[in-house]
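Asks: Okay, handing you the structure first.
Numbering (the working numbering), first residue to last: 5 to 179.
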């Protein structure tokens, strides 16, 4: 064979690329090992008989996420997913499984090509990253609108009592 004794190939990083490589090399009976490809399409052995994976397919990852949600008693979720076959297929599976399990998707947001996740383009036409429609400095950390005006960032009354309750461990977290 003209393949110089190739016994297998580690697949490319994305599912889209792996589908093409799997079809091409599968026709030559060369196994492709998908290290990061998670597409459910790659599980079809009639289309990809020489494809092997070391990571779970999207549907199993989604099922694990929703199992975690159910076990924690949550019934409303928000979903952020990426534009493209990977994100949209996973979101489709989340929608159908969530519906079966009576989990409400309260908010879903498709992030177009990863924009906005790195604090980059604010889409207002200028080169800065600020929000020109809002002059307030709204940081994620500035969630606390119930400041007790004692100069610190907590909402306690600063009674100087030395009660060490276990509940106080989470007082400084900003959600």
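We put the CB at the ideal spot given by N, CA and C, even for glycine. From a predicted model like this one, the values you see are computed outputs, not experimental measurements.
1. Buried or exposed: which applies to residue 62, given that a residue is buried once 16 or more other Cβ atoms fall within 10 Å of its Cβ?
2. List the residues that DSSP assigns as beta-bridge partners of residue 82.
3. By DSSP, does residue 105 sit in helix, in strand, or in coil?
4. Under 8 angstroms between the Cβ atoms of residue 56 and residue 30?
5. In terms of DSSP beta bridges, what is residue 72 paired with?
6. Pull up the CB-CB distance for residue 94 and residue 66, whole angstroms please, since I reckon it's below 8 angstroms.
7. Assuming residue 36 is part of the beta strand (DSSP E), what are its boundary residues?
8. Closer than 8 angstroms is the cut-off here; do at least three beta carbon pairs connect the stretch 35 to 52 with the stretch 66 to 83?
9. Among 80, 86, 50, which residue has its Cα nearest to the Cα of residue 102?
10. Assuming residue 54 and residue 26 form a contact by the criterion Cβ under 8 angstroms, report the distance between their Cβ atoms to the nearest whole angstrom.
11. Run through DSSP, which three-state label would residue 13 get?
12. Under the assumption that residue 15 contacts residue 32 (Cβ atoms under 8 angstroms), give the Cβ distance between them as a whole number of angstroms.
13. Taking a contact to mean a Cβ-Cβ separation below 8 angstroms, would you say residue 114 touches residue 75 in this structure?
Replies: The relevant details are as follows:
1. buried
2. For residue 82, the beta-bridge partners assigned by DSSP are 111.
3. coil
4. no
5. DSSP, once it has assigned bridges, lists no residue as partnering residue 72.
6. In this structure, residue 94 and residue 66 form a Cβ contact; the two beta carbons are roughly 6 angstroms apart against a cut-off of 8 angstroms.
7. Per DSSP, residue 36 is one residue of the beta strand (DSSP E) stretching across 36 to 38.
8. no
9. 80
10. 7 angstroms
11. strand
12. With a Cβ gap of about 15 angstroms, residue 15 and residue 32 do not count as contacting.
13. no
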